[in-house]
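Chains H and U, in that order, give the protein sequences. My numbering numbers the first residue of the first sequence as 5 and each following residue consecutively. My numbering numbers the first residue of the second sequence as 5 and each following residue consecutively. Note that beta-carbon positions come from the ideal geometry of N, C-alpha and C, so glycine has one too. Since this is a predicted model, take the numbers as computed values, not measurements. Here is the structure we will look at.
Protein chains: 2
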Amino acid sequence: MAAWGERLAGVRGVLLDISGVLYDGGEGGGAPIVGSVEALARLKRSQLKVRFCTNESQKSRGDLVGMLRRLGFDISEGEVTAPAPATCLILKERGLRPHLLIHDGVRSEFDQIDTSNPNCVVIADAGEGFSYQNMNKAFQVLMELENPVLFSLGKGRYYKETSGLMLDVGPYMKALEYACGIEAEVVGKPSPEFFKSALREMRVEAHQAIMIGDDIVGDISGAQRCGMRALQVRTGKFRSILRSRVWSTSCRRPSCSRQPAAITELARAQ
Amino acid sequence: MAAWGERLAGVRGVLLDISGVLYDGGEGGGAPIVGSVEALARLKRSQLKVRFCTNESQKSRGDLVGMLRRLGFDISEGEVTAPAPATCLILKERGLRPHLLIHDGVRSEFDQIDTSNPNCVVIADAGEGFSYQNMNKAFQVLMELENPVLFSLGKGRYYKETSGLMLDVGPYMKALEYACGIEAEVVGKPSPEFFKSALREMRVEAHQAIMIGDDIVGDISGAQRCGMRALQVRTGKFRSILRSRVWSTSCRRPSCSRQPAAITELARAQ
Numbered sequence: 005m006a007a008w009g010e011r012l013a014g015v016r017g018v019l020l021d022i023s024g025v026l027y028d029g030g031e032g033g034g035a036p037i038v039g040s041v042e043a044l045a046r047l048k049r050s051q052l053k054v055r056f057c058t059n060e061s062q063k064s065r066g067d068l069v070g071m072l073r074r075l076g077f078d079i080s081e082g083e084v085t086a087p088a089p090a091t092c093l094i095l096k097e098r099g100l101r102p103h104l105l106i107h108d109g110v111r112s113e114f115d116q117i118d119t120s121n122p123n124c125v126v127i128a129d130a131g132e133g134f135s136y137q138n139m140n141k142a143f144q145v146l147m148e149l150e151n152p153v154l155f156s157l158g159k160g161r162y163y164k165e166t167s168g169l170m171l172d173v174g175p176y177m178k179a180l181e182y183a184c185g186i187e188a189e190v191v192g193k194p195s196p197e198f199f200k201s202a203l204r205e206m207r208v209e210a211h212q213a214i215m216i217g218d219d220i221v222g223d224i225s226g227a228q229r230c231g232m233r234a235l236q237v238r239t240g241k242f243r244s245i246l247r248s249r250v251w252s253t254s255c256r257r258p259s260c261s262r263q264p265a266a267i268t269e270l271a272r273a274q
Numbered sequence: 005m006a007a008w009g010e011r012l013a014g015v016r017g018v019l020l021d022i023s024g025v026l027y028d029g030g031e032g033g034g035a036p037i038v039g040s041v042e043a044l045a046r047l048k049r050s051q052l053k054v055r056f057c058t059n060e061s062q063k064s065r066g067d068l069v070g071m072l073r074r075l076g077f078d079i080s081e082g083e084v085t086a087p088a089p090a091t092c093l094i095l096k097e098r099g100l101r102p103h104l105l106i107h108d109g110v111r112s113e114f115d116q117i118d119t120s121n122p123n124c125v126v127i128a129d130a131g132e133g134f135s136y137q138n139m140n141k142a143f144q145v146l147m148e149l150e151n152p153v154l155f156s157l158g159k160g161r162y163y164k165e166t167s168g169l170m171l172d173v174g175p176y177m178k179a180l181e182y183a184c185g186i187e188a189e190v191v192g193k194p195s196p197e198f199f200k201s202a203l204r205e206m207r208v209e210a211h212q213a214i215m216i217g218d219d220i221v222g223d224i225s226g227a228q229r230c231g232m233r234a235l236q237v238r239t240g241k242f243r244s245i246l247r248s249r250v251w252s253t254s255c256r257r258p259s260c261s262r263q264p265a266a267i268t269e270l271a272r273a274q
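Below, the structure written as structure tokens:
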């Protein structure tokens with residue numbers, strides 16, 4: 005494993021994406037990716053610091069962690085950096101009152117936020133909540149504002165569930181941007197601020213950290229732009245380059261592991 | 005009216021947008037814009053050739069014309085250039101079998117089109133049909149194709165109904181473009197091919213024609229790029245520049261009439 009040792013020289017912390025890396029969501033809560041429960045356990049027994057950096061915005065952190073623990077993963081709420089709590093901080097700092105186009109599963113994260121007389125819009129992965137009526141309402145709220153502000157919790161194109169590929173929040177963010185002639189503020193990967201907050205929470209410098217994810221833009225390119233190393237797994241939404249037009253975005257070539265899961269390789273290299 | 009006479013020198017044909025120019029759609033079929041029925045009648049009594057150039061894609065031409073006639077407009081099906089029939093021609097020419105994400109009201113236009121084992125996707129203004137499930141299905145069809153082809157019937161941002169502004173097909177086109185990493189083929193305004201087919205049908209050269217519409221991109225800029233003159237009405241989706249971020253697209257300044265409707269001014273100038 006000389007190649008792995010070289011690639012990982014000086015790494016002290018590992019940021020792990022969740023969906024598509026630890027498990028694939030779907031009916032009945034989804035299923036762990038083969039080998040990932042054991043790989044995470046092994047990683048946690050190593051000298052590396054571990055933190056979870058997710059764009060999950062259909063579930064509150066509490067629900068997400070509960071579900072993952074039921075699937076057998078060693079994870080606690082305090083180890084998770086997620087966009088909903090980060091958005092709440094920004095809303096409070098800037099005195100903004102959002103109209104929320106979000107999934108009911110994540111609504112509890114916004115319990116302490118004033119949503120009366122909205123002066124911005126927050127969209128997250130609303131799933132079936134992305135009805136025409138709900139999208140039109142968000143559009144109308146934005147068009148009524150003198151200075152329309154749109155926050156998007158991540159900008160992923162799609163993710164993989166056990167039943168197949170599913171549209172993520174990104175396409176709906178693009179729809180509202182185009183309809184209103186504005187640019188959204190993305191909270192979540194690949195925003196540098198989001199990666200930096202995860203690194204601060206893990207107390208590791210960017211050059212000492214590696215991001216493991218399945219999204220070439222959100223995970224890999226985003227982490228590399230922050231000075232981190234990155235490793236793309238071939239699970240989740242991964243598609244080979246030949247089939248993957250959406251991955252034509254130019255970015256430095258990431259490390260890319262074969263199955264079994266990249267995490268196993270990483271723990272093994274320690 | 006010297007200014008009008010000068011602006012209209014040499015004009016032989018008038019292309020009229022429909023929604024937001026002749027009427028505002030809405031519950032119960034919508035309502036004519038004040039003065040437009042009379043203005044169209046006056047225009048038709050003039051020496052000018054008249055044709056209707058619409059991106060309407062919720063209704064078949066037959067239903068659209070029937071509705072407009074009930075509102076009092078002098079219009080027949082053969083006078084209308086619309087994107088659904090234009091799309092059917094392209095599909096037949098290229099041997100394409102579409103998956104249709106369209107409104108039930110326009111489905112009859114596609115009666116003669118083979119939709120089995122689809123090798124492209126056609127989206128139109130589907131209104132409530134733009135559910136998450138339907139969007140995801142269109143996305144999945146595209147992602148399964150080796151060379152994904154997406155047709156969009158127009159790319160309007162929004163339109164005005166009597167109840168307020170409504171999202172048009174354009175935002176959903178952008179959503180699928182982003183999700184799949186592709187670029188849609190637009191059939192309808194502002195596509196030059198679409199304007200040219202309307203001019204051919206009216207038998208008028210571009211420099212002899214004027215387009216009247218409420219959309220600065222789809223109607224005004226599109227027509228000007230084809231060498232036509234253009235006149236923007238202050239009805240329909242028109243919003244003053246100060247409020248209208250989406251109208252920052254650079255285009256030559258169109259003529260712009262005050263109420264009563266621009267069409268009246270035009271007929272008067274003859």
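Asked	Found
Validate contact between the region 148-162 of chain H and the region 123-136 of chain H using beta carbons, cut 8 Å, 3 pairs	yes
Same chain, Cβ closer than 6 Å to U:G83, neighbours up to 5 away in sequence not counted	The displayed chain sequence assigns Glu, not Gly, to residue 83 of chain U. Excluding residues within five positions, the ones whose Cβ falls inside 6 Å are R55, F56.
Integer Cβ distance of H:V235 from H:I220, believed to fall under 8 Å	The sequence given here has Leu at residue 235 of chain H, not Val. H:L235 to H:I220, Cβ: 12 Å. No contact.
Reference U:S120; option with closest CA among U:P102, U:R111, U:S64	U:P102
Whether U:D172 touches U:D21 by CB criterion (8 Å)	no
Cβ pair U:Y176, U:K241 closer than 8 Å	no
Whole-number beta carbon distance between U:K63 and U:V110, since they are thought to touch under 8 Å	6 Å
Residues that U:E132 contacts on chain H, provided the C-beta gap is smaller than 8 Å	S135, Y136, Q137
Backbone CA spacing between H:P152 and H:A179 [nearest angstrom]	15 Å
Chain U contact for H:R46 (CB, 8 Å cutoff)	no
Cβ of H:F143 within 8 Å of any chain U Cβ	yes
Distance, H:A227 Cα to H:Y136 Cα	34 Å
Residue-level contact to chain H via CB, U:R11, 8 Å cutoff	no
Strand pairing of H:A213, partner residues [DSSP]	H:G17
Endpoints, alpha helix (DSSP H) assigned at H:E189	Counting along the chain, H:E189 falls outside any alpha helix (DSSP H), though it belongs to the beta strand (DSSP E) covering 189-191.
Listed by chain order, chain U residues near H:P122 by CB distance under 9 Å	Result: empty, since nearest Cβ-Cβ is about 16 Å, beyond 9 Å.
Nearest to U:M139 (by Cα), restricted to the options H:A202, H:V125, H:R161	H:R161
Opposing strand residues paired with H:V84 [DSSP bridges]	H:F56
Sequence-distant residues of the same chain with beta carbon closer than 7 Å to H:E81, five excluded per side	R65, G66, V69
Residues near H:E148 by beta carbon distance below 8 Å, same chain, minus five either side	none
Three-way DSSP call (helix, strand, coil) for U:M170 in this model	strand
Test item: CB-CB of U:G17 and U:L72 under 8 Å	no
Chain U within 8 Å of H:L154, Cβ atoms only	no
Same chain, Cβ closer than 6 Å to U:R233, five either side skipped, listed in chain order	I214
H:L19, buried or exposed, once every other Cβ within 10 Å from all chains shown has been counted against 16	buried
Within chain U, the residues that H:Y182 reaches when beta carbons sit closer than 9 Å	K159, R161, G174, P175, M177, K178, A179, V250
Sheet register partners of H:D28 (DSSP bridge)	H:A35
C-beta contact flag for U:P87 and U:S112 at 8 Å	no
Per DSSP, the bridge partner or partners of H:I120	It should be noted that the sequence gives Ser, not Ile, for residue 120 of chain H. Beta-bridge pairing links H:S120 to no other residue.
From H:R74, H:P36, H:G99, H:P122, residue whose alpha carbon lies closest to that of H:L105	H:P122
Those runs of the alpha helix (DSSP H) which lie wholly inside the region 121-170 of chain H and span at least 4 residues	136-148
Which of helix, strand or coil DSSP assigns to U:R98	coil
Rounded separation between U:H211 and U:L47 - CA only	19 Å
8 Å Cβ shell around U:T166 - same chain, five flanking residues per side excluded	D28, G29, G30, E31, G34, A35
Proximity test, Cβ basis, 8 Å: U:N140 and chain A	Absence of chain A from the displayed structure is noted, the protein chains being H and U.
Cβ-Cβ distance between H:C184 and H:F134 below 8 Å	no
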